[in-house]
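Chemist: Okay, so the sequence shown: first residue is 375 according to my numbering, each after it adds one. Can you read through this structure? Questions will come right after.
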Amino acid sequence: MTPTILCFGETLWDVLPTGKQAGGAPMNVAVHCRHIGLDARLISRLGSDALGDELLDFLQEKGVDLSLIQRGKTHLTGVVKANVSNRNEVTYQIVQPVAWDYIQYDDELARLVAASDAFVFGSLAARLPVSRETLYRLLDHARLAVFDVNLRAPHYTAETVGYLLERTHIAKMNHHELADLAGWFTPGLTGEAAMRALTDQFGLSILCVTRGENGAALLVNGQFYEHNGYPVEVVDTIGSGDAFLASLLRAYLAQTAPETWLPVACAAGSLVATCRGATPDLSLAALHQFMHQTTTV
375 MTPTILCFGE TLWDVLPTGK QAGGAPMNVA VHCRHIGLDA RLISRLGSDA LGDELLDFLQ
435 EKGVDLSLIQ RGKTHLTGVV KANVSNRNEV TYQIVQPVAW DYIQYDDELA RLVAASDAFV
495 FGSLAARLPV SRETLYRLLD HARLAVFDVN LRAPHYTAET VGYLLERTHI AKMNHHELAD
555 LAGWFTPGLT GEAAMRALTD QFGLSILCVT RGENGAALLV NGQFYEHNGY PVEVVDTIGS
615 GDAFLASLLR AYLAQTAPET WLPVACAAGS LVATCRGATP DLSLAALHQF MHQTTTV
């Protein structure tokens, strides 16, 4: 059977100099999961406004199930101003409060989380009390909790991140976030040593750290793996980490050998970085072709 993925959190518009693009890490992960054959659904909240209608149209075109996306009249659909002047390090100005800060809990969501193969979430949706409490309650039902750390200053605290790590089976973060978390929880450690210390402290099964153009590192049940990444001409990196995570999850759920996870996940992230926007079409065929061409050149 096709694995089922539930992604929880922000759905929004990234406002760029070239115009607006649909975004939000959980939404991007859901779309990329759909691209590579996983049954992904999105738990989020939009305003009852034109921007919300446009996002629903976008998601429908991408084949994402809309049934778990709430609508509200009190708060507007989320908007983020993205600065892409540095193509390798995008920065964000995130408006608050917005609709996705008020995702409502209900027992049907809990049932669906319990039935899913993986529950993906990040730190941003925990910035305000309503969505944070909903996330905490849903985590009680998750069989496989996947924490896409995704720190966005000033929308996080060490206390909240630590609590989420305690509830996590698989954690994915970038190398900057590893340095932040190591500073909070394992002072004085860096790199692999910090990864091992965080894994031990929070009881993680898997910890993955992306390193931008330098690939990624992976710690699985005490075994450490690295991949140097693929050289590509970067257009922008928005969505690259989300494609990476979707591909990593697919490899994990397919029960392939851990040493095969990083090559395919890094390939997904690299391919998305060659395109404009967070969710270009990313088929398995294109992914395998890219890997073959890159490794045989």
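Ideal Cβ positions, reconstructed from N, Cα and C, are used throughout, including at glycine.
Could you check the C-alpha separation between Q468 and K447 for me, to the nearest Å?
Modeler: The identity of residue 468 in the sequence shown is Ile, whereas the question assumes Gln. So the alpha carbons of these two residues sit roughly 20 Å apart.
Chemist: Work out the CA separation of A652 and A399 for me, nearest whole Å.
Modeler: When rounded, the distance between both Cα atoms is 9 Å.
Chemist: Taking the C-alpha atoms as reference points, what is the distance between I580 and K394?
Modeler: Approximately 35 Å between the Cα atoms of the pair.
Chemist: Anyone know if the C-beta pair for G603 and C640 falls short of 8 Å?
Modeler: Yes, Cβ-Cβ distance for G603 and C640 is below 8 Å.
Chemist: For V405, name the three-state secondary structure that DSSP assigns.
Modeler: It is helical.
Chemist: What three-state label does DSSP hand S505 in the structure shown?
Modeler: Of the three classes helix, strand and coil, the one that applies to S505 here is helix, per DSSP.
Chemist: Curious, which full-length alpha helix (DSSP H) runs of at least 4 residues does the stretch 504-560 contain?
Modeler: Those alpha helix (DSSP H) runs which fall completely within the stretch 504-560 and span 4+ residues are 532-540, 549-559.
Chemist: Using CA atoms only, rank isn't needed, just tell me which of E587, M401, V472, S422 is closest to D338.
Modeler: Residue 338 lies beyond the range of the chain shown here (375 to 671); nothing can be said about it.
Chemist: Pull up the distance between the alpha-carbon of D431 and that of Q444, whole angstroms please.
Modeler: So the two alpha carbons sit approximately 14 Å from each other.
Chemist: Quick test of the definition: if touching needs 3 or more C-beta pairs under 8 Å, does the stretch 491-510 touch the stretch 381-392?
Modeler: With the cut-off at 8 Å, the stretch 491-510 and the stretch 381-392 touch.
Chemist: In the DSSP assignment, find the beta strand (DSSP E) that holds C381 and state where it starts and stops.
Modeler: Where C381 is concerned, the enclosing beta strand (DSSP E) stretches over 378-382.
Chemist: List the endpoints of the continuous beta strand (DSSP E) containing H418.
Modeler: A small correction: the amino acid at residue 418 is Ser; His does not occupy that position in the sequence shown. Unbroken beta strand (DSSP E) run through S418: 413-421.
Chemist: Can you list, in chain order, the residues of its chain whose CB lies under 8 Å from that of R408, leaving out five sequence neighbours each side?
Modeler: These residues qualify, in order along the chain: A414, K436, G437, V438.
Chemist: For L619, I'd like the list of residues in its chain whose CB is within less than 7 Å of its CB, leaving aside the five on either flank, ordered along the chain.
Modeler: The answer, listed in chain order, is V403, D522, K546.
Chemist: Among A617, Q629, W635, P632, which has the Cα closest to the Cα of A642?
Modeler: Out of A617, Q629, W635, P632, A617 has the C-alpha closest to the C-alpha of A642.
Chemist: DSSP state of Q470, grouped into three classes?
Modeler: In the structure shown, Q470 sits in coil (DSSP, three-state: anything other than H, G, I, E or B).
Chemist: Within a Cβ cutoff of 7 Å, which residues of the same chain sit near V646, ignoring the five residues on either side of it in sequence?
Modeler: Excluding sequence neighbours, V646 sits near G613, S614, A617, P654, L656.
Chemist: What residue range does the alpha helix (DSSP H) around Q478 cover?
Modeler: No alpha helix (DSSP H) holds Q478; DSSP gives it neither H nor E.
Chemist: Please list, in chain order, all residues of the same chain as A519 whose beta carbon is under 7 Å from its beta carbon, the five residues on each side excluded.
Modeler: Once the five neighbours on either side are set aside, the close Cβ partners of A519 are F493, L513, R541, T542, H543.
Chemist: Looking only at its chain, what residues have a beta carbon closer than 8 Å to the beta carbon of W558, apart from the 5 residues adjacent to it on each side?
Modeler: Closer than 8 Å at Cβ, skipping near neighbours: A532, V535, G536.
Chemist: According to DSSP, what are the bridge partners of L593?
Modeler: Paired residues: L581, F598.
Chemist: Ordered along the chain, which non-local residues of its own chain (more than five positions away) have a Cβ less than 8 Å from that of E507?
Modeler: Within the same chain, E507 has close Cβ partners Y479.
Chemist: Taking the C-alpha atoms as reference points, what is the distance between F664 and D574?
Modeler: When rounded, the distance between both Cα atoms is 36 Å.
Chemist: For V609, which residues from the same chain have a beta carbon less than 8 Å from its beta carbon, with the 5 sequence-adjacent residues on both sides left out?
Modeler: Closer than 8 Å at Cβ, skipping near neighbours: R461, A647, T648, C649, R650.
Chemist: Under the DSSP definition of a beta bridge, which residues are partnered with V494?
Modeler: Beta-bridge pairing links V494 to C381, V520.
Chemist: If you measure between the beta carbons of Y476 and V453, is that distance less than 8 Å?
Modeler: The answer is no: Cβ separation not under 8 Å.
Chemist: Spatial neighbours of P377 within its chain, please: CB distance less than 6 Å, with the 5 preceding and 5 following residues excluded, ordered by chain position.
Modeler: If we look at P377 and ignore the five residues flanking it on each side, its Cβ neighbours are L412, D491, L627.
Chemist: Shortest alpha-carbon distance to H529 belongs to which of G426, H601, P471, W635?
Modeler: Closest by alpha carbon: P471.
Chemist: By Cβ distance, which residues of its chain are closer than 7 Å to A571, with the 5 residues on each side in sequence left out?
Modeler: Excluding sequence neighbours, A571 sits near T560, L563.
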